[in-house]
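The sequence shown begins at 762 in the working numbering and counts up by one.
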Amino acid sequence: MTSLLPSVTRKRPPARRVTLTAPVAQAVPAYGVTALPAECCGFLVGSWRDGDVEVFDAWPAANATMRSPASRFLIRAEAVLGAIRRAAKTGRELVGFYHSHPDGAPTPSAVDVEQPWLGFVHLIVALPPAGPGTLTAWTFPDPGCPARRLALDKVPVKPRAQRN
């Protein structure tokens, strides 16, 4: 039987740098604004090579939390499995998750720290009442370790298959 979770269970080098395509860098804050006053959440899809993560797509997910959707998010397990399968069909993988902090800081909250997806990229968009949103990238390398901020580039990137 083929594993449904190859990108999740495969050991990867820790993330050091995240590069977002311009459409992803624009879409995630837009998803956050659309979801207000609740937190938005979703999937980051791309490729992972030697700690460099390239994000080519951001797919919205339903915020399934029943508690305080303005300060929490929950993505159902079946949605995660669906995203893994969908990414695999495109030749990419699930590299992380994004969510918004309405009126919050662009840093992991206490709730984020309680239940991280270890080893994945966590993109946070802070949405202040005035001004543009702020994107930051984080990872939680190991259980009990604090969040580590990642270098974040927001530039147009061609998929590897299209590079010369």
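A virtual CB, placed ideally from N, CA and C, is assigned to each residue, including glycine.
The structure presented is a predicted model; accordingly, all values stated were derived computationally and were not measured.
Q) Would the beta-carbon of residue 807 be found less than 8 Å away from any heavy atom of the ligand GDP? A) Among the components modelled here there is no ligand, and therefore nothing to report on the ligand GDP.
Q.
Taking contact to mean 3 or more Cβ pairs, one atom from each stretch, closer than 8 Å, check whether the segment 810–824 and the segment 852–866 are in contact.
A. yes
Q. Three or more beta-carbon pairs under 8 Å between the segment 842–853 and the segment 792–801, yes or no?
A. no
Q | For residue 875, the nearest candidate out of 904, 889, 795, 856 (CA to CA) | A | 904
Q: Check residue 897 in the structure and name its three-state DSSP category.
A: strand
Q) Which of helix, strand or coil does DSSP assign to residue 915? A) DSSP places residue 915 within a strand segment (E or B) once states are collapsed to three.
(Q) Quick check: the Cα distance between residue 886 and residue 789, rounded to an integer number of angstroms? (A) 7 Å
Q | residue 941 versus 777, 784, 907, residue with shortest Cα-Cα distance | A | No answer is possible for residue 941: the residues shown for the chain start at 762 and end at 925.
Q: Buried or exposed for residue 807, please, with buried defined as at least 16 other CB atoms from any protein chain shown within 10 angstroms of its CB.
A: So residue 807 counts as buried.
Q) Closest to residue 884 by CA distance: which of 839, 774, 793 is it? A) 793
Q. In terms of alpha-carbon separation, which member of 898, 906, 803 lies closest to residue 912?
A. Checked all of 898, 906, 803; the closest Cα to residue 912 is 898.
Q.
Below 8 Å on the Cβ atoms is my contact criterion, and I expect residue 888 with residue 873 to pass it. Report the Cβ-Cβ distance as a whole number of Å.
A. Not confirmed; about 15 Å, so no contact.
Q.
If I measure Cβ to Cβ from residue 830 and keep anything under 7 Å in the same chain, skipping five residues before and after, which residues do I get?
A. 799, 800, 824
Q.
Just to confirm before moving on: does the CB-CB distance between residue 814 and residue 785 stay below 9 Å?
A. no
Q.
Can you find the residues in the same chain that come closer than 6 Å, C-beta to C-beta, to residue 896, ignoring five residues on each side of it along the sequence?
A. 886
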